[in-house]
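Just add 171 to the spot in the sequence shown (first one is 1) and you have our numbering. By construction, the Cβ of each residue, glycine as well, lies at the ideal position given by its N, Cα and C atoms. Model, not experiment: these values are computed from the prediction.
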Amino acid sequence: SAYDDATLREWAERIRAWRGDGLDVFAYFNNDELGYAPKNALRLRELAGA
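This is the structure we're talking about:
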């Protein structure tokens, strides 16, 4: 299922913090039968400023 913006924003905050600490960050989404993974990944990238 799709992640809501609130959840993706929480992860984006974590990602920004980790990147601020100089860490490489990788995020993976498990695609489901409805194909939400690409949409979720693109939205997370946008929110994280990547």
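- Contact check for residue 212 against residue 186 fails: the beta carbons are separated by 7 angstroms or more.
- Around the beta carbon of residue 194, fewer than 16 other beta carbons sit within 10 angstroms, so the residue counts as exposed.
- Annotation: the continuous alpha helix (DSSP H) that includes residue 181 extends over 176–191.
- Between residue 200 and residue 190, the alpha-carbon positions lie close to 19 angstroms from each other.
- For residue 215 against residue 183, the beta-carbon gap comes to about 6 angstroms, under 8 angstroms, which counts as contact.
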